[in-house]
Ligand SMILES: Nc1ncnc2c1ncn2[C@@H]1O[C@H](COP(=O)(O)OP(=O)(O)OP(=O)(O)O)[C@@H](O)[C@H]1O
Ligand SMILES: [Mg+2]
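The structure is reproduced here in structure tokens:
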């Protein structure tokens with residue numbers, strides 16, 4: 671497909687490799703706890719990338735993340751696989767907006783500009799599934815969460831990498847997940 675690049679290309683210059691953490695054999699509950707913890711560390715302007723194969727749990731993680739961030743634990747969070755983008759306002763009117771993108775069906779990075787990624791990042795927190803399909807449309811930096819299937823069907827292996835701007839917060843996350 672046109673305009674694709676590897677995740678490595680998204681690492682900001684001079685800020686690569688500033689931390690990585692790995693969690694083995696995570697249940698869905700642990701993934702959701704991780705999502706809630708990362709959400710509580712997130713702020714306006716953040717970009718959180720969700721990578722992993724079909725059915726890995728990217729939307730599941732995003733759901734818990736968004737519910738926490740908008741302070742509405744029963745909010746309906748549909749997968750954006752068809753709409754490509756969904757936005758959510760905080761229930762209390764206080765926190766940041768959240769945008770949830772899914773780039774799986776993107777053929778060309780220019781489509782992402784049209785979806786309003788830049789505006790979304792300027793106004794709130796952005797979660798993006800399938801960042802590998804975004805090519806040059808993604809700014810460098812952010813947090814990359816990669817989910818991989820494990821030996822058991824209900825377990826996942828999670829790698830969390832700082833692509834820029836998350837160094838201190840990754841340390842806090844590590845402490846919180848211990
Ligand atoms: N440990 C786990 N973590 C996350 N999801 C799990 C886990 N175990 C089982 N599941 C199930 O796996 C499915 C993951 O689906 P989900 O839609 O979140 O995947 P996805 O990565 O967003 O897929 P797609 O690439 O199609 O968007 C859900 O039905 C979820 O309940
Ligand atoms: Mg999904």
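Numbering (the numbering used here), first residue to last: 671 to 848. The C-beta atom is built at its ideal place from N, Cα and C for all residues, glycine as well.
Original post:
Hey, would you say residue 797 sits closer than 8 Å to residue 768, going by beta carbons?
Top reply: Translated into positions along the chain shown, residue 797 becomes position 127. Translated into positions along the chain shown, residue 768 becomes position 98. Cβ atoms of residue 797 and residue 768: closer than 8 Å.
Original post:
What is the DSSP secondary structure of residue 810, counted as helix, strand or coil?
Top reply: Start at 1 with the first residue of the chain shown, and residue 810 comes out as number 140. If DSSP states are grouped into helix, strand and coil, residue 810 belongs with coil.
Subject >> Which listed residue (713, 751, 848) has its alpha carbon closest to that of residue 740 >> reply: For the purposes of this step, residue 740 is identified with residue 70 of the chain shown, where counting begins at 1. Nearest option by C-alpha distance: 713.
Subject >> Any non-hydrogen atom of ligand 1 within 7 Å of residue 829 CB >> reply: Working through the chain shown from its first residue, we reach residue 829 at position 159. No.
Original post:
Which residues mark the beginning and the end of the beta strand (DSSP E) in which residue 771 is found?
Top reply: Counting from 1 along the chain shown, the entry for residue 771 is found at position 101. Segment 767-772, the beta strand (DSSP E) holding residue 771.
Original post:
Cβ of residue 751 within 7 Å of any heavy atom in ligand 2?
Top reply: Indexing the chain shown from 1 puts residue 751 at position 81. The answer is yes for residue 751.
Subject >> Inter-residue Cα distance where the pair is residue 689 and residue 824 >> reply: The count along the chain shown starts at 1 and reaches residue 689 at position 19. The count along the chain shown starts at 1 and reaches residue 824 at position 154. Each residue's Cα considered, the two are about 27 Å apart.
Original post:
Is it right to say residue 710 is buried, meaning 16 or more other beta carbons lie within 10 angstroms of its own, or is it exposed?
Top reply: The residue you call residue 710 lines up with position 40 of the chain shown. So residue 710 ends up on the exposed side.
**OP:** Assign residue 775 to buried or exposed, taking buried as 16 or more other Cβ atoms, counted over all protein chains shown, within 10 Å of its Cβ.
**Re:** As a working mapping, residue 775 is identified with position 105 in the chain shown. Exposed is the call here.
**OP:** State the start and end residues of the unbroken alpha helix (DSSP H) segment that holds residue 706.
**Re:** Counting from one through the chain shown, the residue named residue 706 turns up at place 36. 698-711 is the extent of the alpha helix (DSSP H) around residue 706.
Original post:
What is the rounded straight-line gap between the Cα of residue 790 and the Cα of residue 848?
Top reply: One-based indexing of the chain shown puts residue 790 at position 120. One-based indexing of the chain shown puts residue 848 at position 178. Distance between the alpha carbons of residue 790 and residue 848 is about 32 Å.
Original post:
Which word fits residue 758, buried or exposed, when buried means at least 16 other C-beta atoms lie within 10 angstroms of its C-beta?
Top reply: Here residue 758 is taken as the residue at index 88 of the chain shown, counted from 1. Buried is the call here.
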